Structure formats: C-alpha cells, structure tokens
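In case it helps, my numbering puts the sequence shown at residues 18 to 137.
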Amino acid sequence: MPPAILLIEDDKLTRLILQTNLEEWGYQVVGASSGEEATKAIVQQPFAAILMDHSLPGIDGTALGVVFKNHEKHRRTPVLIMSANPDFLEPGNEVFDGYILKPVSLDALRNKLSELTSHG
18 MPPAILLIED
28 DKLTRLILQT
38 NLEEWGYQVV
48 GASSGEEATK
58 AIVQQPFAAI
68 LMDHSLPGID
78 GTALGVVFKN
88 HEKHRRTPVL
98 IMSANPDFLE
108 PGNEVFDGYI
118 LKPVSLDALR
128 NKLSELTSHG
C-alpha cells in the first residue's frame with residue numbers, strides 16, 4: 018500500500034494540482050480544505066506525512082500543526098508547511114519538519130517528501 022499523505026489546502030485548484038502530482042509520485046492522498054476537515058481525517062488513518070497550507074479558514078497552520086503534534090497517532094508524523102511568507106517560522110519552532118515556499122516548486126516538494134517519508 019502506498020504511503021498516505023494528508024493534504025490540507027483551502028484553494029481548490031492548488032489542492033487538485035498538488036493531489037494529482039502526489040498521486041503520480043506514488044502517494045495515496047487524503048484531501049482537506051479546512052482545519053476542521055483535517056482534524057476529522059487524522060483520526061481515520063495513519064499518515065506518512067502531513068502537507069498543509071499555513072493560511073487556512075478558521076485556524077492557522079501553526080495552531081493546526083500543534084494539534085497534530087499533540088495527537089497520539091501523529092506525534093511523530095512529519096508536518097510540511099506551505100506558505101508564501103516564511104516570517105511565522107521562528108528559531109526553535111518544533112511544530113514543522115519542513116517548509117515549502119509558495120508558489121510551490123514541484124521538484125522541491127517531491128524532494129522534501131522523499132526525504133521525510135523515505136518514499137520515491
């Protein structure tokens with residue numbers, strides 16, 4: 018069974034493009050458009066990694082990352098954040114295991130996911 022990625026992106030087109038590429042790279046993708054959908058998804062199955070936008074409706078990526086890191090099943094799941102503005106990344110921030118600048122470079126994303134999941 019291919020490694021599963023939880024993809025959290027509120028922009029429908031961006032989510033579709035990312036999901037299509039992730040599936041072509043051999044990942045199983047569960048998509049979510051909000052923090053609420055994502056918190057429901059994490060109790061359903063384990064994930065090899067979580068890839069999420071920093072700016073989400075109702076919750077920011079940092080707060081959602083803390084939710085994941087405090088969840089028993091996903092405490093060690095790598096969380097990769099996507100944003101056009103890296104200012105929220107502070108020294109010592111242990112919520113995220115990686116950062117991808119938007120607009121997303123598909124090569125950079127693939128390399129980072131391969132590194133975090135040992136897949137690809």
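Built from N, CA and C at the ideal position, the CB exists for glycine as well.
For clarity, every value in this text was computed on a predicted model and none was experimentally measured.
Exclusion of the five residues before and after Ala101 leaves Lys119 as the residues of its chain whose Cβ lies within less than 6 angstroms of its Cβ. Between the alpha carbons of His88 and Gly78 lies a gap of roughly 15 angstroms.
Beta-bridge partners assigned by DSSP to Gly48: Leu24. Apart from the 5 residues on each side of it in sequence, Leu126 sits with its Cβ closer than 7 angstroms to the Cβ of Ile117 in its chain, given in chain order. Just so you know, the alpha carbons of Gly82 and Trp42 end up roughly 24 angstroms apart.
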